[in-house]
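Structure, as structure tokens:
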């Protein structure tokens, strides 16, 4: 949603999906052993990730957040008719786990999403996270 709100194209979105999947796999391997790679290739893995990135309430609110000048909480209330976002609370939980083990720097995409959700990072800075991602180094 942040990528769409900033009017980046499908190649950027594909990069986010790719790096996001890599971080998901690395997170699960680090925090939940044993892990089977084929789990991530099932509907509950990559298919859900792609669907979430192209549609749904989290995508819509993130897209609106980029230009609305409102908080995520305000947009959630205005746009979702009583439904709740899953992304921000999940990002907070994941960040709590990463922070507890001093691993935030190894998961820059996860960390950036959390920081955007709590107002510590502007969505435009999200692109720097992609450019400087450790998978590119």
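In this note's numbering, the protein residues as written are 1176 to 1312. Backbone N, C-alpha and C fix where the C-beta goes; we use that ideal spot for every residue, glycine too.
First and last residue of the alpha helix (DSSP H) that includes residue 1180? 1177–1180 is the extent of the alpha helix (DSSP H) around residue 1180.
Compare the C-alpha of residue 1229 against each of 1187, 1252 and 1290 and name the closest. Out of 1187, 1252 and 1290, the CA that lies nearest to the CA of residue 1229 is found in 1187.
DSSP three-state call for residue 1186: helix, strand or coil? Helix.
So, with DSSP's three-state summary, where would you put residue 1218? Of the three classes helix, strand and coil, the one that applies to residue 1218 here is helix, per DSSP.
Within 10 Å of its beta-carbon, does residue 1212 have 16 or more other beta-carbons around it, so buried, or fewer, so exposed? Label assigned to residue 1212: exposed.
Check whether the Cβ atoms of residue 1233 and residue 1257 sit closer than 7 angstroms, and answer yes or no. no
Would you tell me roughly how many angstroms separate the C-alpha atoms of residue 1252 and residue 1259, rounded to the nearest one? 8 angstroms
Looking at residue 1177: is its Cβ nearer than 7 angstroms to the Cβ of residue 1301? In contact: residue 1177 and residue 1301 (Cβ atoms closer than 7 angstroms).
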